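Numbering (my numbering), first residue to last: -16 to 738.
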Amino acid sequence: MSSPIPTFPEAMHLEPAQRYISRIGVLTSGGDSQGMNAALRGVVRAGIGAGLQVFAIYEGYQGIVQGGAYIERMAWHSVSGIMQQGGTFIGSARSSDFYTRAGRRQAALNLIRHGIEGLVIIGGDGSLTGANLFRQEWRDLLHELVQESQLTQAQADAHPHLAIVGMVGSIDNDMFGTDMTIGADTALHRIVEAVDAIASTATSHQRTFVVEVMGRHCGYLALMAGLATGANWVLIPENPPEQDWEENMCRVMHAGRQTGRRHSIVIIAEGAIDRSGKLITSDYVRKVLAERLREDVRVTILGHVQRGGAPSAFDRVMPTLLGYAAVRQLLHSKPADEPQLIGMRNNQISISPLMENVHKTHRVATLIQEQRYAEAMEMRGRGFVEAYRILHTLMRAQPRPPQAGQRQLRILTLHADGPAPGMNTAVRAAVRLGLDKGHTMLAARDGLSGFARGQISEIRWMDVHGWVARGGAELGANRRALQPQDYAAIAEQIRAQRLDGILIIGGWMGYQFAHALRERRAQFPEFNLPVICLPASINNDLPGTEVTIGADTALNTIQTDLDKLKEAALAARRCFVAEVMGYDCGYLALMAGLATGAERVYIPEEGITLDDLRHDVDMLVKGFRRGKRVGLIVRSERADPYYTTDFIATLFEREGGGELLVRRMIFGNTQQGGRPSPFDRIQATRLAAQALDHLIEQIQKHETDIGCIGRWEGKIQYTNLADLGALMQTTAQRPRIQPWLNLRRVTQAMAKEPM
Ligand code: ADP
């Protein structure tokens, strides 16, 4: 799973040296998915911004075949206020006409009538295959239309090609060419919310639940939901369970009960099969469990709930970027070029041949059909395989016993700095994976100060039961700074507890602490042990990672509140200045602005000038005069020391000439709380697994590095923190490299209507 911040090459500007097309169409086809609206808005606004005429085609391919009112020119405001809605505002349909040549001929005629030379298709593999066929036939279709006297030869000659760009809208995350499809993250949100809710009732009654999720050929949703909810058994199509899996599953479930687990959850993908390729139904699983364990087992089939609800922050930001990149692709490529798929790979916008991706996607389905499961898993990629492996350990009822003669290491885990959603998830994963490897896991309560005071105890398998979904920090996380004398106390604790390595899950204070230990090694030889940091902070202000654990949850929390604010503002024709957290880092503000369609975002990386303010008042006043009903300005808490949120709100109201009714809203500590989002849970689990592996390896090799595990260009990586200063800016608490800053161009392109 990719992180919620696809980066954007700075060179991704829209203006090409030479323009080949001037009118484009956009349509959504196949099953709907959340985030399609953001993609549409991205295409429409980037297109208009680049001087193109953009047409929306209603009801998928059926709309091109029908023509007339189904093809409508879009204005800037046609796509206002749609991003927070699920589904697609232009409709999506299956079209039997488009499967026929006559249907596609009619479609070609309708496009020519509108002068449309390029199409952006947002859909699944079927829709993209249809688009490719349409493009291949284009010349012949026009020829037929000329013969039928529906077109003149001159008209046909004026449109020799149809340019195609595709994007994948599908909740299943089942396509090649993109690490995430539009809608998959939101579907995961819905599943995880549902499973969390089911788990609480199951706990009350000591019940077992079988939860069926979508995914006919792809186990992504089931696997990731399993990882994110702490499910006890997961069934996916790519990797069917071994023979006699029923026995094995029942044994694990039974053992779980014996250890005190009050609920059991099985997650099954709708396309789950056994080794012989036979479908495993949720009802079959229920029967097996009920009969063999004599338990009360219930089935919940989540169905269309997974397609519903407001899109997550990720499913607004990513599709917006894809929409922008799709327009750019149409502008920059020659019409005769092969159709391309715009996706996101390793956190970068990626452009790759459309049909190659469709074929690879079909290949996995074929491999599954041919029972070549290992190859199918391999084609899903490293992240998928690794997630599966981690899940299998975490699903256990208890750790495997240590191997004979194995040295049992003593590893301490603790938090540093304030709380961030996902901290508990990370502790749970580290503790269970560490125990399963045969080591002793210890935890310090109350952060660094608790460590100094010796609040340390062993932590066992069931101690972290249920932590996967819990907000806050069970071990305690605070910002109390250490005193110089605390280091001697910490050295004493390391000695007394015979610690071999330390895992710090937290923010900047944790990184500084690791560095401080290293600096004091001459004074305290106890500090000669490896220390590894896991980035957990809502601010996304840490080195060695593009995204920190907790930022996605905070972003979704902010987005929910901003959505409400916008609704209220819309009713009353108001402008809001909203302040969000972030400390010295504008990440949350910029991403929240992008996800909610803010007019302007102020971030500390740029500061605020008087000219900015003057310009922005002017922009808002003009907008409201022209009928705008809502204005949203997002200000990062430290965007500027003087131009505070209060100041800006007052200034705008005073200078708005009576046009602007301005309200301010300062979002508080709710941003640090709440249940972690699916992404933060998965991220926390995967990073913790890597961090632990790295730490153990260091201990075994007698190495004593200090470092951190993060995600860079989509890959999980280790960064040595010996030269911590070189990784951070000198005047502010934020890393030197902040790839997400490149997204400013898109934020502006989406907010600024060309005059
Ligand atoms: P998805 O795009 O989600 O895979 P479908 O396979 O149902 O969904 O495709 C959506 C629509 O795309 C179809 O109703 C049809 O109009 C068009 N389409 C799909 N496959 C083809 C094809 N091979 N040739 C022509 N049109 C196609």
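We treat Cβ as the ideally placed atom computed from N, Cα and C, and that holds for glycine.
This structure is a prediction, so every number in the text was calculated from the model and none was measured.
Notebook entry, point to check: Which residues bound the alpha helix (DSSP H) around H677?
Noted result: P661 to Q683
Item checked: Contact check, A575 vs I521, beta carbons under 8 angstroms -> no
Note to self: My parser needs the alpha helix (DSSP H) runs of 4 or more residues fully inside the stretch 65 to 135; what are they?
What the structure shows: Taking only runs of at least 4 residues, the alpha helix (DSSP H) segments lying wholly in the stretch 65 to 135 are 84 to 97 and 108 to 130.
Margin query: Could you tell me the alpha carbon to alpha carbon distance between L553 and A581, rounded to whole angstroms?
Written below: 13 angstroms
Next item on the list: Report the three-state DSSP secondary structure of Q476 (helix, strand or coil).
Entry: Q476 falls in the helix class under three-state DSSP.
Checklist line | the ligand ADP heavy atom lying under 7 angstroms from the CB of G14 | finding: yes
Checklist line | Beta carbon of G569 nearer than 8 angstroms to that of I591 | finding: Not a contact, by the Cβ cut-off of 8 angstroms.
Next item on the list: Determine the direct distance from the alpha carbon of A85 to that of G46, and round the result to whole angstroms.
Entry: 14 angstroms
Margin query: Between which two residues does the alpha helix (DSSP H) holding E636 run?
Written below: T628 to E638
Item checked: Length of the line joining the Cα atoms of R478 and E509 -> 7 angstroms
Margin query: Among the candidates A359, H97, E278 and V368, whose CA atom is the shortest distance from the CA of L145?
Written below: Answer by Cα proximity: H97.
Next item on the list: Would you mind sorting E42 into buried or exposed? The rule is 16 or more other CB atoms within 10 Å of its CB.
Entry: buried
Notebook entry, point to check: So what does DSSP say about S295, is it helix, strand or coil?
Noted result: coil
Next item on the list: Helix, strand or coil for Q1, going by three-state DSSP, please let me know.
Entry: Three-state DSSP puts Q1 in coil, outside helix and strand.
Next item on the list: Ignore the nearest five residues each way along the sequence and tell me which others in Q17's own chain have a CB closer than 6 angstroms to its CB.
Entry: G69, G166, T169, P294 and D298
Check: Quick one: does the C-beta of D157 sit closer than 7 angstroms to a heavy atom of the ligand ADP?
Finding: Flag unset: Cβ of D157 not near the ligand ADP.
Margin query: Tell me which residue opens and which closes the beta strand (DSSP E) that E441 is part of.
Written below: I439 to E441
Checklist line | Beta bridge counterpart(s) of L745 as assigned by DSSP | finding: A question about residue 745 goes unanswered here, because the residues of the chain that appear run from -16 up to 738.
Next item on the list: Assuming A497 contacts V514 (C-beta within less than 8 angstroms), just tell me the rounded distance between them.
Entry: Confirmed, about 4 angstroms.
Check: Who does N711 pair with in a DSSP beta bridge?
Finding: In the sequence on display, residue 711 carries Met and not Asn. Per DSSP, P718.
Check: Candidates R383, V584 and S440: which alpha carbon is nearest R618's?
Finding: Ranking R383, V584 and S440 by Cα distance to R618 puts V584 first.
Notebook entry, point to check: In three-state terms, what does DSSP make of M362?
Noted result: helix
Notebook entry, point to check: Between D123, A296 and R503, which lies nearest to Q136 when the distance is taken from Cα to Cα?
Noted result: Looking at the Cα atoms, D123 is the closest of the given residues.
Checklist line | Which of helix, strand or coil DSSP assigns to A39 | finding: strand
Checklist line | Where the beta strand (DSSP E) containing S333 begins and where it ends | finding: Q331 to P336
Item checked: Extent of the continuous alpha helix (DSSP H) run through E239 -> In the sequence under discussion, the amino acid at residue 239 is Gly, which differs from the Glu named in the question. W228 to Q241 is the span of the alpha helix (DSSP H), which, as asked, contains G239.
Next item on the list: Give the secondary structure of L218 by DSSP, where H, G and I count as helix, E and B as strand, and everything else as coil.
Entry: strand
Check: Going by other Cβ atoms of all chains shown within 10 Å of its Cβ, with 16 needed for buried, is Q67 buried or exposed?
Finding: Classification for Q67: buried.
Check: Looking at the structure shown, is A29 part of a helix, part of a strand, or coil, going by DSSP?
Finding: helix
Note to self: Is the beta carbon of G401 closer than 8 angstroms to that of G490?
What the structure shows: yes
Notebook entry, point to check: Using CA coordinates, which residue listed in I689, D567, M301 and Q655 is at the minimum distance from R739?
Noted result: This structure does not reach residue 739, given that the chain is present from -16 up to 738, and the question cannot be answered.
Next item on the list: Compare the C-alpha of G454 against each of I147, L704, Q655 and M711 and name the closest.
Entry: The shortest C-alpha separation from G454 is found at Q655.
Checklist line | Environment of I394 [buried if 16+ CB atoms lie within 10 Å] | finding: buried
Check: DSSP state of F192, grouped into three classes?
Finding: strand
Notebook entry, point to check: If we ignore side chains and look at the alpha-carbon of each, how far apart do T71 and D15 end up?
Noted result: 7 angstroms
Next item on the list: Check whether the Cβ atoms of Q89 and V48 sit closer than 8 angstroms, and answer yes or no.
Entry: yes
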